[in-house]
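Below: one structure, written as structure tokens.
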Amino acid sequence: MTSIADCDSRASSLHQTAYHGSSTAIDHNNGFVPDQFCIDWNREVGLNRTMRPIDDWWTHHPDFFVSVTNDTHVCFERDIVSKRSQNLMKVYRHQFHKSCDRVHLREMWSSGWGADFRNVIGGLYMGMEKHHVPAVMFSKKGWHYTATKKGQLNPTCPEQMLTCYFLPAHPCGNNSAVMAKYYETNLTINDKPKRKGGIEYILGPDEPIGLYLYEYVTRPQLWLRRALYDYLQEYPIELTRGKCSVIHVRRADVALPRGNPRPYYAIADYVNQIPEEDRQHEVLLLTDDHNAVSEAHEFYPNISWRHIDRIRHNGTSGGWENQTPSGNPAQETIVILATFKMVQQCKLFVHGRSTFSKYMWSQMEAQDDHEVEQVDISVDPRVPVVRTKNEEELEKRLEDLAREMQLNRTS
Numbered sequence: 005m006t007s008i009a010d011c012d013s014r015a016s017s018l019h020q021t022a023y024h025g026s027s028t029a030i031d032h033n034n035g036f037v038p039d040q041f042c043i044d045w046n047r048e049v050g051l052n053r054t055m056r057p058i059d060d061w062w063t064h065h066p067d068f069f070v071s072v073t074n075d076t077h078v079c080f081e082r083d084i085v086s087k088r089s090q091n092l093m094k095v096y097r098h099q100f101h102k103s104c105d106r107v108h109l110r111e112m113w114s115s116g117w118g119a120d121f122r123n124v125i126g127g128l129y130m131g132m133e134k135h136h137v138p139a140v141m142f143s144k145k146g147w148h149y150t151a152t153k154k155g156q157l158n159p160t161c162p163e164q165m166l167t168c169y170f171l172p173a174h175p176c177g178n179n180s181a182v183m184a185k186y187y188e189t190n191l192t193i194n195d196k197p198k199r200k201g202g203i204e205y206i207l208g209p210d211e212p213i214g215l216y217l218y219e220y221v222t223r224p225q226l227w228l229r230r231a232l233y234d235y236l237q238e239y240p241i242e243l244t245r246g247k248c249s250v251i252h253v254r255r256a257d258v259a260l261p262r263g264n265p266r267p268y269y270a271i272a273d274y275v276n277q278i279p280e281e282d283r284q285h286e287v288l289l290l291t292d293d294h295n296a297v298s299e300a301h302e303f304y305p306n307i308s309w310r311h312i313d314r315i316r317h318n319g320t321s322g323g324w325e326n327q328t329p330s331g332n333p334a335q336e337t338i339v340i341l342a343t344f345k346m347v348q349q350c351k352l353f354v355h356g357r358s359t360f361s362k363y364m365w366s367q368m369e370a371q372d373d374h375e376v377e378q379v380d381i382s383v384d385p386r387v388p389v390v391r392t393k394n395e396e397e398l399e400k401r402l403e404d405l406a407r408e409m410q411l412n413r414t415s
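In terms of this note's numbering, the sequence shown opens at residue 5 and continues consecutively.
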């Protein structure tokens with residue numbers, strides 16, 4: 005890994021041009037781009053939610069990865085050898101080196117992070133492997149991680165699409181241009197589905213090709229990378245690398261009066277999967293339910309709980325698929341990306357049925373300095389499954405568990 009000092013010594017005016025000037029200046033200044041270089045940045049970068057010249061350049065150079073970040077610099081390093089880099093270049097060439105005369109058009113979901121990106125990368129896969137045309141996402145109402153689902157409030161950017169946060173994934177125009185050119189025309193292959201059940205293909209990070217497709221469509225713009233860096237510096241969570249555990253408690257949709265409610269699991273159901281010796285180290289509690297945090301501290305006061313200080317729903321107070329309890333979609337997105345960084349510290353992941361959990365697990369597996377293990381309690385026959393559309397039943401179950409644990413402590 006190249007140090008900041010080493011990168012700076014090689015950066016010179018070329019790399020400052022990359023930051024302050026045009027993207028074409030990078031490619032044509034002395035005819036090359038060094039394999040390692042740095043640019044300066046500061047907190048103001050994370051507050052200005054716009055594409056920068058370095059983003060324009062990086063869009064077309066997916067074989068460069070961020071190698072060093074600190075308060076003053078971010079450094080890039082080229083990788084043309086790894087399978088990861090080769091896969092990203094393959095996706096880029098397909099998306100940008102093919103004509104936009106016809107595209108594989110797919111409508112953006114606003115369900116949850118995991119489901120939304122299964123749809124995105126599924127569309128990208130179909131565009132590449134079946135239809136052989138660029139894959140293009142569109143939205144009629146905006147993506148809910150860029151503006152609130154109700155009322156489209158607090159937009160991250162006017163476009164209200166993936167490009168508010170991530171590098172463009174195709175050259176076929178912004179959302180407005182895509183809608184004008186392709187929506188309700190004969191220029192699309194496998195037109196937009198009328199409903200989720202009619203989608204042709206979805207893909208998750210647990211399938212080998214899914215992980216690098218996900219990485220391709222979520223390469224962060226510079227402002228987002230800086231905002232994430234600042235968040236992790238300002239709100240550090242102490243975790244012992246290779247020793248801590250993670251539990252993911254999804255609760256906000258367990259007792260809603262629609263469809264088939266998600267199973268309810270008590271905190272005890274998760275903690276019981278953590279070996280006693282591992283409970284001596286930190287347990288990172290990830291949840292959308294403020295009540296779960298209170299429950300964890302009440303029932304297991306001796307565990308070193310860690311959790312992100314954020315606004316959460318109280319049970320199902322947010323309603324169906326309301327993923328922005330703070331009302332600040334940009335902040336919610338930063339917290340999600342910070343979560344992916346945090347879980348890489350830990351060795352054990354306990355969770356229920358959740359597509360989002362698959363993305364967290366993929367991030368844990370990505371590190372290579374300690375072994376990791378996951379436990380899905382939804383497939384463990386020993387864990388009781390509670391389904392109800394009545395929150396009063398859940399409250400009664402929680403009271404019964406509290407009495408049971410109190411008896412166990414005093415016996």
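Note that the Cβ used here is the ideal one computed from N, Cα and C, for glycine as well.
- Per DSSP, the unbroken beta strand (DSSP E) holding S249 starts and ends at S249 to V253.
- Apart from sequence neighbours up to five positions away, the residues of its chain that approach F360 with a beta-carbon distance below 7 Å are G116, W117 and G118, ordered along the chain.
- Nearest C-alpha to S249 among V379, H108 and D75: V379.
- Taking C-beta separations shorter than 7 Å and ignoring five residues to either side along the sequence, the partners of A342 in its chain run L232, Y235 and L236, following chain order.
- Excluding its 5 nearest sequence neighbours in each direction, N91 has C-beta neighbours in its own chain below 7 Å: Y216, listed in chain order.
- Around the Cβ of Y149, a 10 Å sphere holds 16 or more other Cβ atoms; the residue is buried.
- Annotation for D44: the continuous beta strand (DSSP E) segment containing it runs Q40 to D44.
- M93 is positioned such that its CB atom lies no closer than 7 Å to that of S143.
- Per the C-alpha coordinates, the member of N74, I213 and S103 positioned closest to R88 is I213.
- With a cut-off of 8 Å on Cβ pairs, the region 96-103 is in contact with the region 123-139, counting three or more such pairs.
- Under the DSSP assignment, D380 falls in the beta strand (DSSP E) whose first and last residues are E377 to D380.
- The alpha carbon of Q335 has as its nearest neighbour, out of E133, R314, L352 and F344, the alpha carbon of R314.
- Rounded to whole angstroms, D60 and C168 show a C-alpha spacing of 14 Å.
- Per DSSP, H108 is one residue of the beta strand (DSSP E) stretching across H108 to E111.
- With fewer than 16 other Cβ atoms from the protein chains shown falling within 10 Å of its own Cβ, T54 counts as exposed.
- Rounded to the nearest angstrom, the gap between the Cα atoms of F170 and V221 is 7 Å.
- The region 339-356 makes no contact with the region 175-184; the number of CB pairs closer than 8 Å stays below 3.
- DSSP lists H108 as the bridge partner or partners of A139.
- In this structure, H108 keeps its C-beta atom at 7 Å or more from the C-beta atom of I43.
- Between the beta-carbon of A296 and that of V347 there is about 17 Å, and that puts the pair past the 8 Å contact cut.
- With contacts defined as CB atoms closer than 7 Å, E286 and S308 qualify as a contacting pair.
- Burial of Q349 is indicated by the presence of at least 16 other C-beta atoms within 10 angstroms of its C-beta.
- Put simply, the backbone Cα of A151 is about 28 Å away from that of L288.
- The straight-line gap separating the alpha-carbon atoms of I241 and L191 is approximately 49 Å.
- Here the alpha carbon of F353 sits roughly 26 Å from the alpha carbon of P333.
- Looking at the DSSP output, P66 bridges to nothing.
- Between L207 and R122 the beta-carbon gap is near 6 Å, inside 8 Å, which marks them as a contact.
- Here E299 is buried, its C-beta having at least 16 other C-beta atoms within 10 Å.
- Nearest C-alpha to D67 among P38, E48 and R47: P38.
- Distances from the alpha-carbon of S114 to those of I125, K153 and C104 put K153 closest.
- Shortest Cα-Cα distance from K351 to any of Y304, R245 and H294 involves R245.
- Collapsing the DSSP output to three states places S103 in coil.
- Burial of V124 is indicated by the presence of at least 16 other C-beta atoms within 10 angstroms of its C-beta.
- Taking the Cα of C161 as reference, the smallest distance to any Cα among D273, G146 and A173 is reached at G146.
- Boundaries of the beta strand (DSSP E) harbouring E81: H77 to R82, taken from the DSSP string.
- For W227 against N74, the beta-carbon gap comes to about 17 Å, at or over 8 Å, which does not count as contact.
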